[in-house]
Amino acid sequence: MKFLQIAALVAGLATTGPGILATEVPVAAPETVGLASSGLDAIRSHFQAQVDGGKLSGLTTLVSRKGKVVHFEAYGRASLEQATSVEKDSIFRIYSMTKPVTGVALMMLHEEGLFGLDDPVSQYLPEFAAPKVFKSQSEDGIVETVAAHREITIRDLMRHTAGLTYGVFGDTPVDRLYKSGGVLEAGLGPEEWISRLAAQPLLYQPGDAWVYSFAVDVQGRLVEVLSGMSLDAFFETRIFAPLGMVDTGFYLDTEKAERLVTMYFRKDDVLTPTNDPYFPDFTKKPASFSGGGGLVSTTRDYWRFAQMLLNGGELDGVRILKPETVAMMTTDQLPEKLDGIAGGQRGIGFGLDLGIVKDVGKRGGYGREGEFFWGGMANTIFWVDPKEELVAILMTNILPQGLYPLSQDMHRLVYQALGAE
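So the sequence shown is residues 1 to 421, counted in our numbering.
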């Protein structure tokens, strides 16, 4: 019976629909790489119940170990209204899971000697010269600032200690200045957007606090300036094409757009189709490319990217980064005075565009020390566990962020299948 279950799993992974072939996703029976089929079945049962109960419209889950995919499932509907199913090649908005891709792109240029991590950003983007830090704002709107103690460095951008913010996730005076200063306006070209952002004061002195921010969008612009290429062209020619990420990009042609899942907002137990005003139409080339959140991708494509990182920068004989560069990206870069990242996420350090698990207990008891990870606004998640040679991915498109403990559930189920819990 167990042999038949394993054979069925391998056959299912090998025939996963258009664009996903057995040769593109190496597969193995779970037991051959130390995972229990029954444990992986529990992943399927758990998330199918989430769909059946109306909590999630649809999703995919993937687990690999030692470079072999042992679990790859699709659940639910890509569109509830059209009754189309999520498939293994469905395309999802990955939002902030764009950030590690941008980090890899920038570090490729670092390997080429085009910049130093502690170079001032203003050396390449002069708009950021002589930054000011917010001090106060009078009732009539006059903003008082103080000079920054030092320039923002590229390392600051890559670890979110630049003093920038996002303008949408908080309500600080600087967040409000982003709104009134037009930083959040859709349709801006890269030069105009950088100009508006750099004109705003910093929320903190550079290096003094971890604040999630537009820093990776600034990194995307740095990639363009340093390489002389648009961000989409750099991603495609230097990362996506070499890695065989055939369905990842900033916009989609007509055929691929049909595979883009509908995004839903859940409120009062009702799933309502919704859209994002900043990325309203993925069938059109945007005026600028968001290195912080503009990509769409498939589970299979993102697995290839994550596996490349696990392999120390190489996949299928194609080297994207040196092992020592990946090691730098996946090592905590935060100053000692900062006890992890903000937002109540204790036990989490931050490398270069990647979260790093430092203390499982402080984190809440899930994950493994040394794990690196990130997620997206519409509840996509991925993590890499180097010690266990493991990659896990969950893709869905539902808001608001953090609606369910998807990462905690996925971690628990994966490590139960590994026999580690």
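Even for Gly, the Cβ is constructed at its ideal location relative to N, Cα and C.
The beta carbon of N397 sits closer than 6 Å to the beta carbons of F92, R93, V261, M263 and A378 from its chain, once the five residues preceding and following it are set aside; these are given in chain order. By DSSP's assignment, D385 forms a beta bridge with L390. The beta carbons of K387 and R412 sit no closer together than 9 Å.
By the criterion of a C-beta distance shorter than 6 Å, V146 is surrounded in its chain by V133 and K135, once the five residues flanking it on both sides are discounted. In the structure shown, I194 falls within a helical segment according to DSSP collapsed to helix, strand and coil. Rounded to the nearest whole angstrom, the CA to CA distance from V70 to W383 is 16 Å. Remark: three or more beta-carbon pairs, one from each stretch, lie closer than 8 Å, so the segment 45-60 and the segment 398-418 are flagged as touching.
Rounded to whole angstroms, the separation of the alpha carbons of W210 and L338 is 8 Å. For E81, no beta strand (DSSP E) encloses it, and the DSSP letter there is neither H nor E. The beta carbon of L406 sits closer than 8 Å to the beta carbons of N379, I381, L394 and T396 from its chain, once the five residues preceding and following it are set aside; these are given in chain order.
The beta carbon of A417 lies closer than 6 Å to those of L35, A36, G39 and L40 in the same chain, with the five residues before and after it left out. In this chain, R259 is not harboured by any beta strand (DSSP E), its DSSP state being neither H nor E. Between W374 and S96 the beta-carbon gap is near 6 Å, inside 8 Å, which marks them as a contact.
Residue nearest to G364 within the set I348, S290, L114 and F372 is I348 (criterion: CA-CA distance). Looking only at L197, L222, E185 and Y212, the smallest Cα-Cα distance to P120 is reached by L222. The three-state reading of DSSP puts A74 in strand, counting E and B together. For R176, the enclosing alpha helix (DSSP H) covers residues P173 to S180. CA-to-CA, the gap between G53 and L271 works out to about 12 Å.
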